[in-house]
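To start, the structure itself, in structure tokens.
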Amino acid sequence: MDKTNKLNSIEVFLKVAKVNSFSEAANQLGLSKAMVSKHISRLENTLGVRLLNRTTRQISLTEAGMSYRVRIREIMNDMAETELAIAQLSSEPRGTLRIMAPTSFGSFHLARAIADYRKIYTNVGIEIILTEREPDIIEEGLDIVIRIGILEDSSLVARKIADARMVVCASAEYLQEYGAPVTPDDLLEHNCLIYSGRQPMGEWRFTVNGKIKKLRVKGNVRSNVGDALRIAAIQGCGLVQLPTYMTGLDIKSRRLSALLQDFEPAARPVHAIYPHRRHLSAKVRTFVEFLYERYQPEPYWERWTDKD
266 MDKTNKLNSI EVFLKVAKVN SFSEAANQLG LSKAMVSKHI SRLENTLGVR LLNRTTRQIS
326 LTEAGMSYRV RIREIMNDMA ETELAIAQLS SEPRGTLRIM APTSFGSFHL ARAIADYRKI
386 YTNVGIEIIL TEREPDIIEE GLDIVIRIGI LEDSSLVARK IADARMVVCA SAEYLQEYGA
446 PVTPDDLLEH NCLIYSGRQP MGEWRFTVNG KIKKLRVKGN VRSNVGDALR IAAIQGCGLV
506 QLPTYMTGLD IKSRRLSALL QDFEPAARPV HAIYPHRRHL SAKVRTFVEF LYERYQPEPY
566 WERWTDKD
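Residue numbers for the sequence shown follow our numbering, so the first one is 266 and each next one is one higher.
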């Protein structure tokens, strides 16, 4: 007898033992009397003992049947308690949430979000890994990966939580000395701070007359860390093109000014990615929803008057 049929036969046995009647058990279970009898016989054959004494007038448990009913009830109760405990684990966020994100986005915004999330879900621990590389989310045991840009087709699930705009910025000090560019081509006459992690290096993109324009800019400061260029721009070293999740708060506070906004390239989506699972854990589900509500319909780093 396979496990499914055995569980069905156990359910039938417990019902018959409770009501002391094949007919009544069949009625309550929605089965025929013959099927109830077949289940009992099959279970007895599997166990090698008689569980029920059958007469034309009544049914009673044998000694083996009484012992079996007591033990099987304990097992069924244990199963029910286990299922309830597992269901609670699924519905109540707990455990460690492993997140991987780009360094700048993670430092600027994800760390703030984590602090606020844990004020609500105190039973969840967080491990955040900041890196620019693309991970194998399954192999590395990650729960969520934050990715910026167009995603390739995959078996993973992705939810868009924000957009990343690319804006050219400069400090008031720099603009006062060198003036502000009016068109992208004007950048060729300016000192541009170069992000060496972007290939081809020094290529800035714009939208001109509905088409993508690629411009190779030059400058005397370069770095593989965007935040270093952001600080250099604030100090008046030159112009920089960075995502607004890095510069938006500086623009809002007037440490930087946004330039050439009419020529911005298309914004890049920010996604929360997680493995496709039939039953998504509560910690993943609640954190992704928390990020979505935090950054929609417009993330706080976009709320500055320079773009109005």
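Idealized CB from N, CA, C, for every residue including glycine.
Name the residue from the options whose alpha carbon lies nearest to the alpha carbon of residue i.
{"i": "Tyr510", "options": "Gly406, Ser286 and Val433", "result": "Val433"}
{"i": "Asp450", "options": "Ala423, Ala435, His536 and Arg481", "result": "Arg481"}
{"i": "Arg377", "options": "Pro562, Phe552, Arg568 and Trp569", "result": "Phe552"}
{"i": "Tyr333", "options": "Phe287, Leu316 and Ala437", "result": "Leu316"}
{"i": "Lys476", "options": "Ala497, Pro530 and Phe278", "result": "Pro530"}
{"i": "Pro465", "options": "Arg363, Asn489 and Phe528", "result": "Asn489"}
{"i": "Lys280", "options": "Met341, Leu395 and Ala290", "result": "Ala290"}
{"i": "Met517", "options": "Leu421, Arg550 and Trp566", "result": "One detail in the question is off: residue 517 reads as Lys in this sequence, not Met. Of Leu421, Arg550 and Trp566, the residue nearest in Cα terms is Trp566."}
{"i": "Thr396", "options": "Tyr382, Leu375, Asn270 and Ala380", "result": "Leu375"}
{"i": "Leu524", "options": "Ala429, Leu504, Val535 and Lys483", "result": "Leu504"}
{"i": "Met344", "options": "Glu404, Ser522 and Leu272", "result": "Leu272"}
{"i": "Leu514", "options": "Leu312, Glu328, Val335 and Phe373", "result": "Phe373"}
{"i": "Ile394", "options": "Leu407, Tyr460 and Ile403", "result": "Leu407"}
{"i": "Ile413", "options": "Arg430, Ile403 and Ile402", "result": "Arg430"}
{"i": "Ser356", "options": "Arg363, Val284 and Asn388", "result": "Asn388"}
{"i": "Leu556", "options": "Val535, Asn342, Asn270 and His541", "result": "Val535"}
{"i": "Glu405", "options": "Tyr460, Arg363 and Gly390", "result": "Arg363"}
{"i": "Glu558", "options": "Phe287, Glu309 and Asp381", "result": "Asp381"}
{"i": "Ile379", "options": "Thr320, Lys283, Trp569 and Glu554", "result": "Glu554"}
{"i": "Leu452", "options": "Val284, Leu440, Ser302 and Lys298", "result": "Leu440"}
{"i": "Glu454", "options": "Asn292, Thr472 and Gly484", "result": "Gly484"}
{"i": "Thr448", "options": "Val473, Glu276 and Lys384", "result": "Val473"}
{"i": "Gly330", "options": "Gln323, Asn342 and Leu308", "result": "Leu308"}
{"i": "Pro540", "options": "Gln323, Asp401 and Val314", "result": "Asp401"}
{"i": "Asn342", "options": "Leu294, Met300 and Glu276", "result": "Glu276"}
{"i": "Phe528", "options": "Arg487, Phe471 and Pro562", "result": "Phe471"}
My assumption, with CB atoms under 8 Å, is that residue i sits in contact with residue j. Please give the rounded CB distance.
{"i": "Gln526", "j": "Trp469", "result": "Wrong, their Cβ atoms sit about 14 Å apart, outside the cutoff."}
{"i": "Arg359", "j": "Lys479", "result": "The pair is not a contact, with the Cβ atoms about 48 Å apart (cut-off 8 Å)."}
{"i": "His304", "j": "Ser274", "result": "4 Å"}
{"i": "Ser306", "j": "Phe287", "result": "Actually they do not touch by this definition, with Cβ atoms about 11 Å apart."}
{"i": "Asn318", "j": "Thr311", "result": "Going by Cβ atoms, the distance from Asn318 to Thr311 rounds to 19 Å, so no, they are not a contact pair."}
Could you pull the start and end residues of the beta strand (DSSP E) that residue i belongs to?
{"i": "Tyr539", "result": "Arg533 to Tyr539"}
{"i": "Leu326", "result": "Ile324 to Leu326"}
{"i": "Val505", "result": "Val505 to Pro508"}
{"i": "Leu524", "result": "Ser522 to Leu524"}
Just to confirm, is the Cβ distance from residue i to residue j under 9 Å?
{"i": "Ile499", "j": "Ile409", "result": "no"}
{"i": "Ala427", "j": "Leu416", "result": "no"}
{"i": "Glu438", "j": "Gly501", "result": "yes"}
{"i": "Gly491", "j": "Ser369", "result": "yes"}
{"i": "Phe278", "j": "Ile337", "result": "yes"}
{"i": "Thr361", "j": "Glu392", "result": "yes"}
{"i": "Ile411", "j": "Pro446", "result": "no"}
{"i": "Leu421", "j": "Leu458", "result": "no"}
{"i": "Ser436", "j": "Arg520", "result": "yes"}
{"i": "Asn285", "j": "Gln323", "result": "yes"}
At which residues does the alpha helix (DSSP H) containing residue i begin and terminate?
{"i": "Arg568", "result": "Segment: none, Arg568 is in no alpha helix (DSSP H) and carries neither H nor E."}
{"i": "Arg550", "result": "Ala547 to Tyr560"}
{"i": "Arg495", "result": "Gly491 to Ile499"}
Nearer than 8 Å: is that true of the beta carbon of residue i relative to any heavy atom of the ligand HEM?
{"i": "Ile402", "result": "As presented, the structure is devoid of all ligands, the ligand HEM included, so that no description of it is given."}
Any Cβ of chain B within less than 9 Å of the Cβ of residue i?
{"i": "His374", "result": "No chain B appears in the structure shown, which is made up of a single protein chain."}
- Message: I'd like the ranges of any beta strand (DSSP E) spanning at least 3 consecutive residues and lying wholly in the region 340-401.
- Response: Qualifying beta strand (DSSP E) stretches, in chain order: 360-366 and 389-395.
- Item | Residue ranges of each beta strand (DSSP E) within the region 405-477, 3 or longer | 409-413, 422-429, 431-435 and 468-473
- Counting only runs of 3+ residues fully inside the region 284-325, write out the beta strand (DSSP E) ranges in chain order. The region 284-325 contains these whole beta strand (DSSP E) runs: 317-319.
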